[in-house]
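Counted the way my numbering counts, the sequence shown spans residues 1 to 297. Here is the structure we will look at, set down as structure tokens.
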Amino acid sequence: MTTATASFAGRTVSRLGYGAAQLGRLSERRDDAVALLRRAIELGVNHVDTAEFYGFSFANEVIREALRSDDDVLVVTKVGADPNPGGRVPLRMAQRPEQLRASVEDNLRSLGVDRLAVVNLRRLDSGPGLRPEGDQMVDLDAQLAEMTALRDEGKIGAIGLSCVTLDGLRRALPAGIACVQNAYSVVAREDEDLLRLCVAEEIAWVPFFPLGGAFPGLPKATDEPAVHAVAESLGATPSQIGLAWLLHHAPNVLLIPGTADPAHLEANLAVAGITFDDATLATLDAIESRSNDVRLG
């Protein structure tokens, strides 16, 4: 049995939140985007993950419009990349300390707030995605110094890390880390040692690509026969089983599945009610883990 809530940055949040990356699909239907986010909040979501580069600031603008002062929603954003409209990859690296600061200011403006509750520093050290080159190869300590300064100035409340290695997290621990966001799923569990360190240090683990398969060449949880068999036996979808496994796997896991569809939103949030017996969990644990290290750019 899993608990419904967990601690994150000094707050108690539902373990099922909402990732705003898919809101950009509704850029021509702004009212629908606002209604979708309102529906998520009505269903108990109080943790929303976003970034300035999601929909080229559209996601942040929708969050600003949709959230009310009494909703008490923890909004988490990230820096380390900026929007790149028209580029082959729709974001560009922004790793230098002055770029991190500028990205914090951009998020403050688009979200319409004076302080960002949690800001993830998106590194480029691990997992699928871009890799740093030239002046974007920045030492973690220099970045953490800037993030700490921003926290001291009151512009951000807590610091998280994304696409970080085990050694990187160990180096960052003295700065005070609230969460780690890495690509992780039942079919891609390379970061198991990193997850164990987060459990020990009471750091929230917020996996992106929680079902794998977001880029060509990545393994997909929904391609696994064992996932389909469990889904059929429990009357759930394979996607729901992949998400539910994450909640059962470690107590500090917080999920932020994204969608632009209200029915899919409700299906994602229904995962909280899925339970596994020991045999079922062992079946899912036995799925082979494959690499999710796919480069872009």
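Where a beta carbon is used, it is the ideal one built from N, C-alpha and C, also for glycine.
Quiz item: Does the segment 107–125 come close enough to the segment 139–157 that 3 or more CB-CB pairs lie under 8 Å?
Solution: These segments touch.
Quiz prompt | the segment 225–244 touching the segment 160–171, judged by at least three CB pairs closer than 8 Å | solution = Remark: fewer than three beta-carbon pairs, one from each stretch, lie closer than 8 Å, so the segment 225–244 and the segment 160–171 are not flagged as touching.
Practice problem: Report the partner residues of Gln220 according to the DSSP bridge assignment. | Solution: Within the sequence shown, residue 220 is the residue found at index 220, counting from 1. The residue asked about is misnamed: residue 220 is Lys in this sequence, not Gln. Gly212.
Quiz item: What does a CB cutoff of less than 6 Å around Thr259 pick up in its chain, not counting 5 residues either side in sequence?
Solution: For this step, residue 259 is matched to residue 259 along the sequence shown. Excluding positions up to five away in sequence, the list reads Gln22, Leu265.
Practice problem: State the beta-bridge partners of Lys78 as determined by DSSP. | Solution: Here residue 78 corresponds to residue number 78 of the sequence shown, with the count starting at 1. DSSP links Lys78 through a beta bridge to Asn120.
Quiz item: beta strand (DSSP E) containing Ala9: first to last residue?
Solution: Indexing the sequence shown from 1 puts residue 9 at position 9. Counting along the chain, Ala9 falls outside any beta strand (DSSP E), and DSSP gives it neither H nor E.
Quiz prompt | Per-residue DSSP class, three states only, for Gly24 | solution = The residue you call residue 24 lines up with position 24 of the sequence shown. Gly24 falls in the helix class under three-state DSSP.
Quiz item: Ordered along the chain, which non-local residues of its own chain (more than five positions away) have a Cβ less than 7 Å from that of Leu70?
Solution: Indexing the sequence shown from 1 puts residue 70 at position 70. As written in the sequence, residue 70 is Asp, which differs from the Leu given in the question. No residues qualify anywhere along the chain.
Quiz item: What's the call for Ser110, buried or exposed, on a 16-neighbour Cβ count within 10 Å?
Solution: The residue labelled residue 110 in the question sits at position 110 within the sequence shown. A residue is called buried once 16 or more other Cβ atoms fall within 10 Å of its Cβ, and Ser110 is buried on that count.
Quiz item: Excluding the five sequence neighbours on either side, which residues of its own chain have a C-beta within less than 7 Å of the C-beta of Ala33, listed in chain order?
Solution: Reading the sequence shown from its first residue, position 33 is the one you call residue 33. Excluding five sequence positions before and after Ala33, the CB atoms of its chain that fall closer than 7 Å to its own CB belong to Leu23, Leu26, Val62, given in chain order.
Self-check item: 8 Å contact criterion, which Ala244 and Val271 should meet: CB distance rounded
Solution: In the sequence shown, the residue the question calls residue 244 occupies position 244. In the sequence shown, the residue the question calls residue 271 occupies position 271. Contact holds; Cβ gap of about 5 Å.
Quiz prompt | Limits of the unbroken alpha helix (DSSP H) element including Asp285 | solution = Residue numbering aside, residue 285 sits at position 285 when the sequence shown is read from its first letter. 278–285 is the extent of the alpha helix (DSSP H) around Asp285.
Exercise. Going by CA-CA distance only, name the one from Asp277, Thr275, Ala188, Ala149 that's closest to Ser126.
Key: Within the sequence shown, numbered from 1, the residue matching residue 126 stands at position 126. The residue with the shortest Cα to Cα distance from Ser126 is Ala188.
Self-check item: Identity of the residue in Glu52, Phe276, Glu201 nearest Asn84 by Cα
Solution: On the sequence shown, residue 84 is found 84 positions in, with the first residue counted as 1. The shortest C-alpha separation from Asn84 is found at Glu52.
Quiz item: Any idea if Arg68 is buried or exposed, counting beta-carbon neighbours within 10 angstroms, 16 or more meaning buried?
Solution: The sequence position of residue 68 within the sequence shown is 68, counting from 1. The residue in question, Arg68, is exposed, as its Cβ has fewer than 16 Cβ neighbours within 10 Å.
Quiz item: Looking at Gly160 and Asn107, is the spacing between their C-beta atoms short of 8 Å?
Solution: Numbered from 1 along the sequence shown, position 107 holds the residue referred to as residue 107. Numbered from 1 along the sequence shown, position 160 holds the residue referred to as residue 160. No. Outside cutoff.
Quiz item: Is Val79 near Leu254, with beta carbons less than 8 Å apart?
Solution: Residue numbering aside, residue 79 sits at position 79 when the sequence shown is read from its first letter. Residue numbering aside, residue 254 sits at position 254 when the sequence shown is read from its first letter. Going by C-beta atoms, Val79 is not nearer than 8 Å to Leu254.
Quiz item: Alpha carbon to alpha carbon, how far is Ala229 from Pro238?
Solution: On the sequence shown, position 229 is the one that residue 229 refers to. On the sequence shown, position 238 is the one that residue 238 refers to. For Ala229 and Pro238, the gap between their C-alpha atoms comes out near 8 Å.
Quiz prompt | Proximity to Phe56 [Cα-Cα], best of Ser103, Asn46, Gly10, Phe209 | solution = Here residue 56 corresponds to residue number 56 of the sequence shown, with the count starting at 1. Of the listed residues, the one whose Cα sits closest to Phe56 is Ser103.
Quiz item: Fully enclosed by the segment 166–207, which alpha helix (DSSP H) runs are 4 residues long or longer?
Solution: As for any alpha helix (DSSP H) of minimum length 4 sitting wholly inside the segment 166–207, the runs are 166–172, 192–201, ordered along the chain.
Quiz prompt | Extent of the continuous beta strand (DSSP E) run through Arg92 | solution = Counted from its first residue, the sequence shown places residue 92 at position 92. Note, Arg92: beta strand (DSSP E), 91–93.
Quiz prompt | Sequence-distant residues of its chain with Cβ nearer than 6 Å to Ala204 (five each side left out) | solution = What you label residue 204 is simply residue 204 of the sequence shown in a count that begins at 1. Only Phe8, Cys179, Asn252, Leu254 meet the Cβ criterion.
Quiz item: Do Asn268 and Leu37 have their CB atoms nearer than 8 Å?
Solution: For this step, residue 268 is matched to residue 268 along the sequence shown. For this step, residue 37 is matched to residue 37 along the sequence shown. No; because the gap between Cβ atoms is not below 8 Å, this pair is not in contact.
Exercise. Using the Cα positions of Ala183 and Met93, report the straight-line distance between them to the nearest angstrom.
Key: In the sequence shown, the residue the question calls residue 183 occupies position 183. In the sequence shown, the residue the question calls residue 93 occupies position 93. Straight through space, the alpha carbons of Met93 and Ala183 are spaced by roughly 18 Å.
Exercise. Would you mind stating whether Ser185 and Arg123 have Cβ atoms separated by less than 8 Å?
Key: The residue labelled residue 185 in the question sits at position 185 within the sequence shown. The residue labelled residue 123 in the question sits at position 123 within the sequence shown. Not closer than 8 Å, so no.
Quiz item: Nearest CA to the CA of Ala158: which residue from Gly176, Ala145, Ala172?
Solution: Position 158 of the sequence shown, counted from the start, is the residue given in the question as residue 158. Among Gly176, Ala145, Ala172, the Cα nearest to that of Ala158 is on Gly176.
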